[in-house]
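Numbering (numbering that gives the first Met the number 0), first residue to last: 0 to 93.
We treat Cβ as the ideally placed atom computed from N, Cα and C, and that holds for glycine.
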Amino acid sequence: MSNKPRKKKKTTIPHSGPTDYFPFDNYKQFEKSMDDIILLLNTLPVNRIHDDELDIIENYVIQHFGMTKYTEGKIREILVTLEAVAIAELDNNK
């Protein structure tokens, strides 16, 4: 056996930065989904609970696009957009 110190292996780890991930096929598909979901949400009573809204969004996405690896991303994209719209409306009403 040799008493030479071992050389450290130089391994590179790929780092991923921000991606342009968009779970919908195109913006037109996303826009139609948003319009349809907003129409469905508007049918809920005023005293609705958050779970009712989530159920509508989840059911719409699964019904129209199926349960795929992008389902969760589509639901998240819709929720983020709805939140941004709600915040913008609050700011406009001040």
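Taking Cβ positions, are residue i and residue j nearer each other than 8 Å?
i: I56; j: I74; result: yes
i: L43; j: D51; result: yes
i: P22; j: G72; result: yes
Exposed or buried, residue i, counting other C-beta atoms within 10 Å across all chains shown (16 or more means buried)?
i: K93; result: exposed
i: E76; result: buried
Taking the alpha carbon of residue i as the reference point, which residue from the options has its own alpha carbon closest?
i: S32; options: A83, H63, F21 and V45; result: H63
i: L40; options: Y59, A83, E88 and K68; result: Y59
i: L53; options: E82, D90, F23 and Y69; result: E82
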